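**Student:**
2 protein chains.
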Amino acid sequence: MSKRGRAGEPPLYAQIRDVLLDRVRTGALAPGQLLPNEFELAAELGVSQGTVRRALDTLTRERIVVRRQGSGTFVAVPDPDEWLFRYFNIYDAAGRQVTPDSIDTLASTGLANKRECERLGLGLNARVVRVTRRRTHDGVPFIAETLVLPADLFAGLAERAEIPNTVYDLMQRDYGVLVGRGDERVTAVAAGSLEADLLSLSPGTPLIRIDRVVYAIDGRAVEWRVSLCHLTEKHYRVRLT
Amino acid sequence: MSKRGRAGEPPLYAQIRDVLLDRVRTGALAPGQLLPNEFELAAELGVSQGTVRRALDTLTRERIVVRRQGSGTFVAVPDPDEWLFRYFNIYDAAGRQVTPDSIDTLASTGLANKRECERLGLGLNARVVRVTRRRTHDGVPFIAETLVLPADLFAGLAERAEIPNTVYDLMQRDYGVLVGRGDERVTAVAAGSLEADLLSLSPGTPLIRIDRVVYAIDGRAVEWRVSLCHLTEKHYRVRLT
DNA sequence: GAGTGGTCTAGACCACCCT
DNA sequence: GGGTGGTCTAGACCACTCT
Numbered sequence: 004m005s006k007r008g009r010a011g012e013p014p015l016y017a018q019i020r021d022v023l024l025d026r027v028r029t030g031a032l033a034p035g036q037l038l039p040n041e042f043e044l045a046a047e048l049g050v051s052q053g054t055v056r057r058a059l060d061t062l063t064r065e066r067i068v069v070r071r072q073g074s075g076t077f078v079a080v081p082d083p084d085e086w087l088f089r090y091f092n093i094y095d096a097a098g099r100q101v102t103p104d105s106i107d108t109l110a111s112t113g114l115a116n117k118r119e120c121e122r123l124g125l126g127l128n129a130r131v132v133r134v135t136r137r138r139t140h141d142g143v144p145f146i147a148e149t150l151v152l153p154a155d156l157f158a159g160l161a162e163r164a165e166i167p168n169t170v171y172d173l174m175q176r177d178y179g180v181l182v183g184r185g186d187e188r189v190t191a192v193a194a195g196s197l198e199a200d201l202l203s204l205s206p207g208t209p210l211i212r213i214d215r216v217v218y219a220i221d222g223r224a225v226e227w228r229v230s231l232c233h234l235t236e237k238h239y240r241v242r243l244t
Numbered sequence: 004m005s006k007r008g009r010a011g012e013p014p015l016y017a018q019i020r021d022v023l024l025d026r027v028r029t030g031a032l033a034p035g036q037l038l039p040n041e042f043e044l045a046a047e048l049g050v051s052q053g054t055v056r057r058a059l060d061t062l063t064r065e066r067i068v069v070r071r072q073g074s075g076t077f078v079a080v081p082d083p084d085e086w087l088f089r090y091f092n093i094y095d096a097a098g099r100q101v102t103p104d105s106i107d108t109l110a111s112t113g114l115a116n117k118r119e120c121e122r123l124g125l126g127l128n129a130r131v132v133r134v135t136r137r138r139t140h141d142g143v144p145f146i147a148e149t150l151v152l153p154a155d156l157f158a159g160l161a162e163r164a165e166i167p168n169t170v171y172d173l174m175q176r177d178y179g180v181l182v183g184r185g186d187e188r189v190t191a192v193a194a195g196s197l198e199a200d201l202l203s204l205s206p207g208t209p210l211i212r213i214d215r216v217v218y219a220i221d222g223r224a225v226e227w228r229v230s231l232c233h234l235t236e237k238h239y240r241v242r243l244t
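Below, the structure written as structure tokens:
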């Protein structure tokens, strides 16, 4: 890392961000841990306090760290509820975010098929963990979904006694995979006989099909999920900015 | 505006942001206009250059201004293509954003009904402009939509010879309404006989229903739109962050 | 070369949290 | 009261754009 931004090199504050992010990724800084204050970090890294601040501001926006005035800067702790809601954008008629439960969860491991390799960016002969489940609201099933995850990243996942309601904080807590962003493709489909059965519908009922790929902060795809949702008095919410 | 952040007062950079935003809103700074440089603004407003920079950084993120190193800071010019794509999140199978055209556009003015008043936050006896149209891709109609706008904000809109393909840059160019954000509710519905006719489908075909309210930067609702979309080989894309 | 925004530094004071 | 992040200032140098 050089002091002056020589040709093509990223600015100092971005380099500092990367250094700190690496410490979180490798576990040198663990979730919940208090970071040194700005002046200590600045001295250690050989930059000014303002540059450290700028790096920490970036990490705050990326939800990697949490800053509390008067207390300090902490590595963010993945919170199950927060993660459940962050990617679960279904709201009821009154505008309240819906809290789903999971039932009939089944997990297995197998060889990835062509489509799975494609969506997850895996090589040939890669193994995947597949999870199927139904999600309910007030006891009524309204989503049937399948999750596909690279088995080498999540060893032993299929053998766990229980798959939690949200897998994203599990990824971060137990497997050290930092979730960064996701990409969804939404379409409308007619319920087939399978979905009709799972969700107690007439075949042909219109459903929302959400095809989601989630990427780790380093860009690797870590989950492909397809959710078929029957939305009555509920909707999928998108904020346009 | 006070120099020191006294109890409860927003920070200086936020106050400066508001001052500059007001100049854009009132037209004192017109779209495309070059702003004074950071030092001139700082001198004029009685703050330091760093504080002005921070305000301008905020306005840049909000897409109110555009900064070009070596050239200066300009008030953003609403660009039809940019605005069309910004809120039109439909992509084809190859991942390319779809460019829609409009046909059969009809506009009229009338008294707002209860639902319209509700969604647009209008008082009783308010008038609205209603626009219906179909949108096509490669000449094939795939969306039927209705737009509802407060008539007092958009005087003469219904009488225009042509309603453009995207109304959002029109709002900003011709009516001085700065578009800030939108909120969409997505559900799946079965095509009724009307939609089936408009989009050449069999009744009962699953459609995506997008119910959108768009708000100006000052928080007023400026459009309520319902789009019924038939997505074959296309999808509605959502980025999760 | 003149002018602009982008980066980086150094230092001050304030508001807030904890003990 | 001592330590932390949040704000604000002043000034330097760099990279980029235009003429």
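Chains F and U, in that order, give the protein sequences. Positions in the first sequence are counted from 1; adding 3 to them yields our numbering. Positions in the second sequence are counted from 1; adding 3 to them yields our numbering. Glycine included, every Cβ here is placed at the ideal spot set by N, Cα and C. On a predicted model such as this, the values are computed, not experimentally measured, just so you know.
Classify U:Leu156 as buried or exposed, calling it buried when 16 or more other Cβ atoms lie within 10 Å of its own Cβ.
**Tutor:** buried
**Student:** Is U:Gln52 helix, strand or coil when you go by DSSP?
**Tutor:** helix
**Student:** Looking at chain U, is there any beta carbon in it that lies within less than 8 Å of the beta carbon of F:Tyr171?
**Tutor:** no
**Student:** So F:Phe145 is in the beta strand (DSSP E); what residue range does that whole segment cover?
**Tutor:** 143-153
**Student:** If we cut at 8 Å on Cβ distances, does U:Val241 have a partner in chain F?
**Tutor:** yes
**Student:** How big is the Cα-Cα spacing for F:Ile67 and U:Val22?
**Tutor:** 33 Å
**Student:** Let me know the secondary structure DSSP gives U:Ser230 once reduced to three states.
**Tutor:** strand
**Student:** Starting from U:Val132, trace the beta strand (DSSP E) in both directions and tell me its first and last residue.
**Tutor:** 130-140
**Student:** Along chain F, which residues have their Cβ under 9 Å away from the Cβ of U:Gly185?
**Tutor:** Val241, Arg242, Leu243, Thr244
**Student:** Which value, in whole angstroms, describes the spacing of the CA atoms of F:Phe91 and F:Ala115?
**Tutor:** 26 Å
**Student:** In angstroms, rounded to a whole number, what distance separates the CA positions of F:Arg28 and F:Leu38?
**Tutor:** 14 Å
**Student:** Less than 8 Å between the C-beta atoms of F:Trp227 and F:Thr169, yes or no?
**Tutor:** No. Outside cutoff.
**Student:** Name the one or two DSSP bridge partners that F:Ala193 has.
**Tutor:** Secondary-structure assignment with DSSP links F:Ala193 through a beta bridge to F:Pro209.
**Student:** Kindly list, in the order they appear in chain F, the residues whose Cβ is closer than 7 Å to that of U:Ile220.
**Tutor:** Annotation: U:Ile220 has no Cβ neighbours in chain F at a cutoff of 7 Å; minimum Cβ distance is about 12 Å.
**Student:** At a Cβ cut of 8 Å, what residues of the stretch 19-35 of chain F count as close to chain U, listed as they run along the chain?
**Tutor:** none
**Student:** Using CA atoms only, rank isn't needed, just tell me which of U:His238, U:Thr244, U:Leu243 is closest to U:Gly98.
**Tutor:** U:His238
**Student:** Consider the Cβ of F:Pro209: report whether some Cβ of chain U lies at a distance smaller than 8 Å.
**Tutor:** Chain U, which has a Cβ nearer than 8 Å to the Cβ of F:Pro209, makes this yes.
**Student:** According to DSSP, is U:Ala161 helix, strand or coil?
**Tutor:** In the displayed model, U:Ala161 falls within coil according to three-state DSSP, outside both helix and strand.
**Student:** In its own chain, which residues sit with a C-beta less than 6 Å from the C-beta of U:Asp172, not counting the 5 before and 5 after it?
**Tutor:** Leaving aside the five residues that flank U:Asp172 on each side, the residues in its chain whose CB is nearer than 6 Å to its CB run, in chain order, Pro81, Pro83, Trp86.
**Student:** So, with DSSP's three-state summary, where would you put F:Ile67?
**Tutor:** coil
**Student:** So with Cβ pairs under 8 Å, would you call F:Ala158 a contact of chain U?
**Tutor:** For F:Ala158, the answer is no, since every Cβ of chain U falls outside 8 Å of its Cβ.
**Student:** U:Ala58 CB to nearest chain F CB: under 8 Å?
**Tutor:** no
**Student:** Cβ closer than 9 Å: which chain F residues qualify as neighbours of U:Arg188?
**Tutor:** Taking the beta carbon of U:Arg188 as reference, the chain F residues within 9 Å of it are Tyr94, His238, Tyr239, Arg240, Val241, listed in sequence order.
**Student:** Can you find at least 3 beta carbon pairs, one from the stretch 205-214 of chain U and one from the stretch 188-197 of chain F, that sit closer than 8 Å?
**Tutor:** yes
**Student:** Taking the CB atoms as reference points, tell me whether U:Ala161 and U:Thr112 lie closer together than 8 Å.
**Tutor:** In this structure, U:Thr112 lies closer than 8 Å to U:Ala161 by Cβ.
**Student:** Using the beta-carbon count (16 or more within 10 Å), is F:Ala147 buried or exposed?
**Tutor:** buried
**Student:** Could you work out which residues of chain F lie near U:Leu234, taking near to mean beta carbons separated by less than 9 Å?
**Tutor:** Within chain F, the residues near U:Leu234 are Val189, Thr190, Ala191.
**Student:** When you compare the CB of U:Tyr178 with every CB in chain F, is at least one pair closer than 8 Å?
**Tutor:** no
**Student:** Less than 8 Å between C-beta atoms, sequence neighbours within five positions excluded: which residues of the same chain meet that for F:Ala45?
**Tutor:** Ser51, Gln52, Thr54, Val55
**Student:** So for F:Ile93, helix, strand or coil by DSSP?
**Tutor:** strand
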